[in-house]
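Heads up: the structure comes next, in C-alpha coordinates.
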Amino acid sequence: MPTTHTFRVDGMHCASCSMLIDETLEDLPGVATSHTSVKNARTTVELDTTATTTEQVTAAITELGYQAELLAP
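Sequential numbering of the sequence shown, starting at 1, is according to our numbering.
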(Lines of atoms letter the chains of each structure in order from A; the text may use other names.)
(Lines give C-alpha, C1' and ligand atoms only; values in the text may rest on other atoms or scores of the structure.)
Protein backbone atom coordinates (compact mmCIF):
# COMPACT_ATOMS: atom_id res chain seq x y z
CA MET A 1 0.00 0.00 0.00
CA PRO A 2 1.49 3.37 -1.01
CA THR A 3 2.48 5.86 1.68
CA THR A 4 3.36 9.53 1.31
CA HIS A 5 6.98 10.63 1.68
CA THR A 6 8.33 14.16 1.33
CA PHE A 7 11.87 15.01 0.31
CA ARG A 8 13.71 18.31 0.43
CA VAL A 9 15.37 18.89 -2.95
CA ASP A 10 18.03 21.56 -3.42
CA GLY A 11 19.48 22.73 -6.72
CA MET A 12 16.29 23.11 -8.78
CA HIS A 13 16.03 26.28 -10.88
CA CYS A 14 12.93 25.97 -13.07
CA ALA A 15 9.85 23.95 -13.99
CA SER A 16 11.94 21.70 -16.23
CA CYS A 17 13.88 20.58 -13.15
CA SER A 18 10.69 19.56 -11.36
CA MET A 19 9.32 17.79 -14.44
CA LEU A 20 12.56 15.81 -14.83
CA ILE A 21 12.41 14.69 -11.20
CA ASP A 22 8.74 13.69 -11.43
CA GLU A 23 9.22 11.77 -14.68
CA THR A 24 12.27 9.96 -13.30
CA LEU A 25 10.59 9.00 -10.04
CA GLU A 26 7.34 7.89 -11.69
CA ASP A 27 9.39 5.42 -13.75
CA LEU A 28 10.55 3.67 -10.55
CA PRO A 29 8.60 0.56 -9.52
CA GLY A 30 6.23 1.27 -6.64
CA VAL A 31 5.96 5.03 -7.25
CA ALA A 32 2.30 5.89 -7.82
CA THR A 33 2.75 9.66 -8.10
CA SER A 34 5.40 12.31 -7.68
CA HIS A 35 4.79 16.04 -7.29
CA THR A 36 7.75 18.41 -7.17
CA SER A 37 7.62 22.10 -6.26
CA VAL A 38 10.56 24.29 -7.24
CA LYS A 39 9.21 27.11 -5.06
CA ASN A 40 9.03 24.94 -1.93
CA ALA A 41 12.10 22.81 -2.76
CA ARG A 42 10.03 19.70 -2.05
CA THR A 43 9.07 16.46 -3.76
CA THR A 44 6.10 14.49 -2.45
CA VAL A 45 5.95 10.85 -3.51
CA GLU A 46 3.23 8.22 -3.11
CA LEU A 47 5.43 5.16 -2.68
CA ASP A 48 5.06 1.43 -2.07
CA THR A 49 8.23 0.84 -0.07
CA THR A 50 8.10 -2.91 -0.73
CA ALA A 51 8.99 -2.12 -4.37
CA THR A 52 11.26 0.92 -4.00
CA THR A 53 12.83 2.30 -0.83
CA THR A 54 13.09 5.94 0.18
CA GLU A 55 16.85 5.55 -0.17
CA GLN A 56 16.38 4.57 -3.82
CA VAL A 57 14.22 7.66 -4.36
CA THR A 58 16.91 9.85 -2.80
CA ALA A 59 19.56 8.17 -4.99
CA ALA A 60 17.48 8.71 -8.16
CA ILE A 61 17.14 12.43 -7.40
CA THR A 62 20.85 12.70 -6.57
CA GLU A 63 21.79 11.00 -9.85
CA LEU A 64 19.97 13.83 -11.64
CA GLY A 65 22.33 16.33 -10.02
CA TYR A 66 20.21 17.59 -7.12
CA GLN A 67 20.65 17.22 -3.37
CA ALA A 68 17.81 15.26 -1.76
CA GLU A 69 16.93 14.46 1.83
CA LEU A 70 13.96 12.55 3.24
CA LEU A 71 12.03 14.76 5.65
CA ALA A 72 10.55 13.40 8.87
CA PRO A 73 6.79 12.78 8.66
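Glycine residues also receive a C-beta, built at the ideal position from the N, C-alpha and C atoms.
Asked	Found
Three-state secondary structure (DSSP) of residue 71	coil
Straight-line Cα distance separating residue 27 from residue 11	21 Å
Local conformation of residue 15 per DSSP, three classes	helix
Whole-angstrom distance between residue 62 and residue 18, CA atom to CA atom	13 Å
Test item: CB-CB of residue 5 and residue 54 under 8 Å	yes
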